[in-house]
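Trainee: One structure is given below, represented as structure tokens, and several questions about it will come after.
2 protein chains.
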Amino acid sequence: MAYELYYWPGIQGRGEFVRLAFEATGTAFADVGRGPNGVRKLMAVLSGKGVPHGNFAPPVLKHGRVVVGQTANILFYLGPRLGLVPAAESLRLWTHQIQLTITDLVAEAHDTHHPLGPDLYYEDQKPEAKRRAELFRKNRMPKFLGWFEEILSANGRGRHLVGNRLTYADLSLFQVVEGLRYAFPETMAKTEKDYPLLVALHGRVAEMPNIAAYLASPRRLPFNEHGIFRHYPELEA
Amino acid sequence: MAYELYYWPGIQGRGEFVRLAFEATGTAFADVGRGPNGVRKLMAVLSGKGVPHGNFAPPVLKHGRVVVGQTANILFYLGPRLGLVPAAESLRLWTHQIQLTITDLVAEAHDTHHPLGPDLYYEDQKPEAKRRAELFRKNRMPKFLGWFEEILSANGRGRHLVGNRLTYADLSLFQVVEGLRYAFPETMAKTEKDYPLLVALHGRVAEMPNIAAYLASPRRLPFNEHGIFRHYPELEA
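Those sequence lines, one after another, are chains A and B. All residue numbers for the first sequence refer to the numbering used here, where the first residue is -6 and numbers rise by one. All residue numbers for the second sequence refer to the numbering used here, where the first residue is -6 and numbers rise by one.
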């Protein structure tokens, strides 16, 4: 059965966490939103046309008759199928818990440029964004990144978040580092030394042959100012 | 094995979604954070003392040697054990997807009084809260509540969110209606007629004998201005 990912074309966004799981494992999938009539097909899946139920927002995964929405839920479904999660229930729940904490960080990173919500353009909430971004850089980023460093440190040699093999949470944390480096380069340059295990994990993921090939390919969209991680220099000033 | 919930005393907060699952099914559990030395015990579980791993934030559930964090993850774990989710994998994922969308709504409801994040008091972000709350009431609330109404309508007679039996998502949606009625009573009074299935589901949950007994007991904390759903009249003006 073919895997079909439904997500906006033109941005990495939340879809990227799913793409990385497919790419890391060399799993074929259709990136439907980026193909012919992609947005129309995405809209049909959201509204529930031809699938068992509607979906509040993308990404959505179709796999035969199964339709799964919510990024972390999609990864929970794919984990055992792609070999990206241990077999034990307690470790699957722990991996999912980490992923849901990454979800929270991603939402807060988004809100640095949209503190009043998604219904106004960034340009209509710039002063508020400046205040929220400052609090994010000073308090929230260290709290989240410090926690990831801590659980890496508590896990054996700190090479993986869970157990001694790659999970989808490792891949998602790689993407978080990528995104934060893009959005807040000065902050990351100054503070990465506080998170040596996290930085090392990011480096190892980047060097995986499948991931290195993906990052060098046109399939990897560049970051831009339409996605979750955006570089507005004024938010780091 | 005993169920132990670790959450802040004094507020319903995110812990309430877990409490409702226990209460609806008449399942005994220890509400550790509200007992002797509750906050100290909560802090130990967060920092990872005596448990397999640290946790970013409460609620946390302990069940024998299993430790689960993140509200939706806890409910995913409890669902089959309390008989609050169907057996089929696709329906468990769908129930979880709905719960994660409730999680998103809850985060946005929180951000109406904390648009700049959790590091400032409400009193230090009142003008921003007013703007965000207005957008939430006008755009986001109808989008979320409309979606819940839609998936109820698409599911048979619309008496449950998933299948034809109660799930933890039904209980959580009951709590969302409770919270929104507390935080935004005028908005709800004006708009509830647009969501008849949602309102009927709320009413049926409230009338379940176990839930009615719980709501009338001192175990049910009142809403207040320290939790997620807060009533600040100026945010509805």
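Every residue gets a Cβ at the ideal spot worked out from N, C-alpha and C, and that includes glycine.
For A/Glu142, which of A/Gly156, A/Lys136, A/Leu191 has the nearest alpha-carbon?
Mentor: Indexing the first sequence from 1 puts residue 142 of chain A at position 149. Of the listed residues, the one whose Cα sits closest to A/Glu142 is A/Leu191.
Trainee: Just the chain A side, please: which residues come within less than 9 angstroms of B/Asn203 by C-beta, in chain order?
Mentor: As a first step, residue 203 of chain B must be located in the second sequence, where it is residue number 210. Correct list: empty, because the minimum Cβ distance to chain A is about 26 angstroms.
Trainee: Does the CB of A/Leu128 have a neighbour CB from chain B at under 9 angstroms?
Mentor: In the first sequence, counting from the first residue as 1, residue 128 of chain A sits at position 135. Judged by the 9 angstroms Cβ criterion, A/Leu128 is in contact with chain B.
Trainee: Which residues in the same chain as B/Pro108 place their Cβ atom closer than 8 angstroms to its Cβ, once the five residues preceding and following it in sequence are excluded?
Mentor: Your numbering for residue 108 of chain B matches position 115 in the second sequence. Correct list, in chain order: Gln118, Glu121, Ala122, Arg124, Arg125.
Trainee: Classify B/Glu227 as buried or exposed, calling it buried when 16 or more other Cβ atoms lie within 10 Å of its own Cβ.
Mentor: Within the second sequence, numbered from 1, the residue matching residue 227 of chain B stands at position 234. Exposed, because fewer than 16 other Cβ atoms sit within 10 Å of the Cβ of B/Glu227.
Trainee: What are the residues in the region 116 to 140 of chain A lying within 7 angstroms of chain B by C-beta distance?
Mentor: Answer set for the region 116 to 140 of chain A: Glu121, Arg124, Arg125, Leu128, Phe129, Asn132, Arg133, Trp140.
Trainee: Give me the subset of the region 33 to 48 of chain B whose CB atoms are less than 7 angstroms from a CB atom of chain A, sorted by chain position.
Mentor: Within the region 33 to 48 of chain B, the residues whose Cβ lies closer than 7 angstroms to some Cβ of chain A are Gly41, His46, Gly47, listed in chain order.
Trainee: Tell me which residues share the same chain as B/Phe22 and place their Cβ nearer than 6 angstroms to its Cβ, disregarding the 5 neighbours each side in the sequence.
Mentor: Taking the second sequence and counting its residues from 1, the one referred to as residue 22 of chain B is at position 29. Around B/Phe22: Tyr(-4), Leu(-2), Phe15.
Trainee: Does any C-beta atom of chain B lie closer than 9 angstroms to the C-beta of A/Tyr70?
Mentor: Here the question's residue 70 of chain A lines up with position 77 in the first sequence. For A/Tyr70, the answer is yes, since a Cβ of chain B falls inside 9 angstroms of its Cβ.
Trainee: Which residue comes first and which comes last in the alpha helix (DSSP H) that contains B/Tyr161?
Mentor: Locating residue 161 of chain B in the second sequence gives position 168, counting from the first residue. Per DSSP, B/Tyr161 belongs to the alpha helix (DSSP H) from 161 to 176.
Trainee: List the residues of chain A that B/Leu232 touches, going by C-beta distances under 8 angstroms, in chain order.
Mentor: Nothing about residue 232 of chain B can be read from this structure; chain B reaches only from -6 to 230.
Trainee: Using a Cβ-Cβ distance cut-off of 9 angstroms, determine whether A/Gln63 contacts chain B.
Mentor: Taking the first sequence and counting its residues from 1, the one referred to as residue 63 of chain A is at position 70. Yes, A/Gln63 counts as interfacial toward chain B.
Trainee: Residues of chain A with a CB under 7 angstroms from the CB of B/Ser83: which are they?
Mentor: As a working note, residue 83 of chain B is residue 90 in the second sequence. Those within 7 angstroms of B/Ser83 in chain A are Val59.
Trainee: In chain A, which residues lie less than 8 angstroms from B/Asn231 when you measure between Cβ atoms?
Mentor: Outside the displayed range of chain B (-6 to 230) lies residue 231 of chain B, so it cannot be described from this structure.
Trainee: Specify the secondary structure class of B/Glu116 as computed by DSSP and reduced to three states.
Mentor: Residue mapping note: residue 116 of chain B aligns to position 123 of the second sequence, counting from 1. Helix at B/Glu116.
Trainee: Can B/Gly47 and A/Ile144 be called in contact, C-beta distance under 9 angstroms?
Mentor: Looking up residue 47 of chain B in the second sequence gives position 54. Looking up residue 144 of chain A in the first sequence gives position 151. Closer than 9 angstroms, so yes.
Trainee: Relative to the alpha-carbon of B/Val170, which residue among B/Gly28, B/Leu159, B/Arg158, B/Tyr188 has its alpha-carbon at the smallest distance?
Mentor: Stepping through the second sequence from its first residue, residue 170 of chain B is reached at position 177. Checked all of B/Gly28, B/Leu159, B/Arg158, B/Tyr188; the closest Cα to B/Val170 is B/Tyr188.
Trainee: Per DSSP, what are the beta-bridge partners of B/Asp24 in this structure?
Mentor: Translated into positions along the second sequence, residue 24 of chain B becomes position 31. Note: B/Asp24 sits in a beta bridge opposite B/Leu(-2).
Trainee: I'd like to check one pair, A/Val38 with A/Val60: are the Cβ atoms closer than 9 angstroms?
Mentor: By 1-based counting over the first sequence, the position of residue 60 of chain A is 67. By 1-based counting over the first sequence, the position of residue 38 of chain A is 45. Cβ atoms of A/Val60 and A/Val38: closer than 9 angstroms.
Trainee: Classify B/Asn30: buried if its beta carbon has 16 or more other beta carbons within 10 angstroms, exposed otherwise.
Mentor: Here residue 30 of chain B refers to the residue found at position 37 of the second sequence. Exposed is the call here.
Trainee: Verify whether the separation of the beta carbon atoms of A/Thr64 and A/Val25 is less than 9 angstroms.
Mentor: Along the first sequence, read from residue 1 onward, the residue named residue 64 of chain A stands at position 71. Along the first sequence, read from residue 1 onward, the residue named residue 25 of chain A stands at position 32. No, these two residues do not count as a Cβ contact at 9 angstroms.
Trainee: Assuming A/Leu214 is part of the alpha helix (DSSP H), what are its boundary residues?
Mentor: By one-based count along the first sequence, residue 214 of chain A stands at place 221. Premise fails: A/Leu214 is in no alpha helix (DSSP H) and is neither H nor E.
Trainee: What's the C-alpha gap between B/Arg212 and A/Thr18?
Mentor: Translated into positions along the second sequence, residue 212 of chain B becomes position 219. Translated into positions along the first sequence, residue 18 of chain A becomes position 25. For B/Arg212 and A/Thr18, the distance between alpha carbons rounds to 48 angstroms.
Trainee: Compare the C-beta of B/Ile221 with all C-beta atoms of chain A and state if any pair is closer than 9 angstroms.
Mentor: Numbered from 1 along the second sequence, position 228 holds the residue referred to as residue 221 of chain B. It does not: the Cβ of B/Ile221 has no partner Cβ on chain A nearer than 9 angstroms.
Trainee: Report the option in A/Met201, A/Val198, A/Ala205, A/Ala162 whose CA atom is closest to the CA atom of A/Ala71.
Mentor: Here residue 71 of chain A corresponds to residue number 78 of the first sequence, with the count starting at 1. The sequence given here has Leu at residue 71 of chain A, not Ala. Closest by alpha carbon: A/Ala162.
Trainee: Starting from B/Glu229, find everything on chain A with Cβ-Cβ shorter than 8 angstroms and list it in chain order.
Mentor: In the second sequence, residue 229 of chain B corresponds to position 236, counting from 1. Neighbours of B/Glu229 on chain A: none; closest Cβ ~16 angstroms, over 8 angstroms.
Trainee: How many Å lie between A/Leu35 and A/Gln5 at the Cα?
Mentor: Residue mapping note: residue 35 of chain A aligns to position 42 of the first sequence, counting from 1. Residue mapping note: residue 5 of chain A aligns to position 12 of the first sequence, counting from 1. Looking at the two C-alpha atoms, the distance is approximately 15 angstroms.
Trainee: Tell me the DSSP bridge mates of A/Leu54?
Mentor: Reading the first sequence from its first residue, position 61 is the one you call residue 54 of chain A. BP columns for A/Leu54 point to A/Leu(-2), A/Val61.
Trainee: Taking the alpha helix (DSSP H) that B/Phe141 falls in, what are its first and last residues?
Mentor: As a first step, residue 141 of chain B is located in the second sequence; it is residue number 148 there, counting from the start. Looking at the DSSP string, the run of the alpha helix (DSSP H) that includes B/Phe141 is 134 to 147.
Trainee: To the nearest angstrom, how far is it from the Cα of B/Gly43 to the Cα of A/Leu194?
Mentor: The residue you call residue 43 of chain B lines up with position 50 of the second sequence. The residue you call residue 194 of chain A lines up with position 201 of the first sequence. Distance between the alpha carbons of B/Gly43 and A/Leu194: 27 angstroms.
Trainee: Quick one: does A/Leu145 have its CB under 9 angstroms from some CB of chain B?
Mentor: For the purposes of this step, residue 145 of chain A is taken as residue 152 along the first sequence, with counting starting at 1. Not one chain B Cβ lies under 9 angstroms of A/Leu145.
Trainee: Per DSSP, what kind of secondary structure is B/Glu66 in: helix, strand or coil?
Mentor: If you number the second sequence from 1, residue 66 of chain B lands on position 73. One point to set straight first is that residue 66 of chain B is Asn, not Glu, in the sequence displayed. Reduced to three states, the DSSP call for B/Asn66 is helix.
Trainee: Does B/Gly196 come within less than 9 angstroms of chain C when only Cβ atoms are used?
Mentor: Absent here is chain C; the protein component of the structure consists of chains A and B.
Trainee: Below 9 angstroms between beta carbons: does that hold for A/Gly62 and A/Leu75?
Mentor: Here residue 62 of chain A corresponds to residue number 69 of the first sequence, with the count starting at 1. Here residue 75 of chain A corresponds to residue number 82 of the first sequence, with the count starting at 1. The answer is no: Cβ separation not under 9 angstroms.
Trainee: What does a CB cutoff of less than 8 angstroms around B/Asn203 pick up in its chain, not counting 5 residues either side in sequence?
Mentor: Working through the second sequence from its first residue, we reach residue 203 of chain B at position 210. Closer than 8 angstroms at the Cβ level, and outside the excluded window around B/Asn203, lie Glu16, Ala17, Thr18, Gly19.
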